[in-house]
Amino acid sequence: MLELDDLGGAAIRPSMGERHLYLGFDRPRPCLSSAPLNGGFQVVDQVLNLHVSGQPVAEAPDVSLQAYATAAGWPGTTVGMMTAARPDSLRHRHCRYHRESLALWLTCGLDNARRAGDPHDWQGELAPPPGTINTVLVTSLTLSPATMVELMMVLTEAKCATLQKLGITSPVSGLLATGTGTDATVIVAGHGGEERWAGKHTLLGERSAQLMMAALEASISNC
Numbered sequence: 001m002l003e004l005d006d007l008g009g010a011a012i013r014p015s016m017g018e019r020h021l022y023l024g025f026d027r028p029r030p031c032l033s034s035a036p037l038n039g040g041f042q043v044v045d046q047v048l049n050l051h052v053s054g055q056p057v058a059e060a061p062d063v064s065l066q067a068y069a070t071a072a073g074w075p076g077t078t079v080g081m082m083t084a085a086r087p088d089s090l091r092h093r094h095c096r097y098h099r100e101s102l103a104l105w106l107t108c109g110l111d112n113a114r115r116a117g118d119p120h121d122w123q124g125e126l127a128p129p130p131g132t133i134n135t136v137l138v139t140s141l142t143l144s145p146a147t148m149v150e151l152m153m154v155l156t157e158a159k160c161a162t163l164q165k166l167g168i169t170s171p172v173s174g175l176l177a178t179g180t181g182t183d184a185t186v187i188v189a190g191h192g193g194e195e196r197w198a199g200k201h202t203l204l205g206e207r208s209a210q211l212m213m214a215a216l217e218a219s220i221s222n223c
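Position 101 of the sequence shown, counting from 1, maps to 101 under the numbering used here, and the rest follow consecutively.
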């Protein structure tokens, strides 16, 4: 298992299994996400991105994700999401931010590409179409919930900009896509130096957007 130094002896422990990307932390961390398992604002011990077939199943996503984490022997709180994207779509980028760190992991499938405002095509009775851009950004910085929300906005805009740059279109409207219909984003903060602002005027916003753009463009080039 690869171990990445984060700050002051802290570590991120990533591992890639046949069906998952796992990021473990040496101590619980604040997290904001749209993930189906333990989404919202949580304090988490690990992140799970689980590869699934994309075929409809009766079990709810959060139930399946928790069962997988339990079977794997991961105690504590898991923030979990699913993807039918190919495992080899995984891309990782990282950089230093002053004395702190930023690291991003991303998987990408585009069969489900959509533009915000497209006519809806899901009634809730079946699983939505497969194809997802799942993103995890981990930083050693201490971030407030408001700062994490701002950072999620910047990552979303960076995703939209990359899809537009590459000319990815929605099969529903034929217009430039802004994401897929089932994207999930996870932001995990740390316990290092505090950063209050993360918008596009800031270095933190710039670096985070650059990581997102680089990882997504590299992943799409392999789709």
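Yeah, the Cβ is synthetic: ideal placement off N, Cα and C, and Gly gets one too.
Own chain, CB closer than 8 Å to Ile168, minus 5 neighbours either side, in chain order:
In chain order, Leu110, Ala113, Leu176, Ala177, Ile220 place their CB closer than 8 Å to the CB of Ile168, counting only its own chain and leaving out the 5 sequence neighbours on each side.
Quick one: is the Cβ of Arg114 within less than 6 Å of any heavy atom of the ligand NAD?
Looking at this structure, you won't find the ligand NAD or any other ligand, since it has none at all.
Take Leu141 as the anchor and find which of Ser64, Arg99, Leu166, Pro87 has the nearest alpha-carbon.
Arg99
With a threshold of 16 other CB atoms inside 10 Å of the CB of Val63, please say whether the residue is buried or exposed.
exposed
Would the stretch 67–76 and the stretch 179–189 be scored as touching if the rule is three or more Cβ pairs under 8 Å?
At 8 Å Cβ cutoff, the stretches do not touch.
Do the CB positions of Leu50 and Leu216 come within less than 7 Å of each other?
no
Bridge partners of His92, per DSSP?
Its beta-bridge partners are Trp105.
Continuous alpha helix (DSSP H) assignments of at least 4 residues falling wholly in the stretch 134–182
145–165
Determine, using beta-carbon pairs with one atom in the stretch 133–149 and one in the stretch 24–34, whether at least three such pairs fall under 8 Å.
Short answer: they touch.
Run through DSSP, which three-state label would Asp121 get?
coil
Just checking: is the beta-carbon of Glu100 within a distance shorter than 7 Å of some beta-carbon in chain C?
The structure shown contains no chain C; it holds only a single protein chain.
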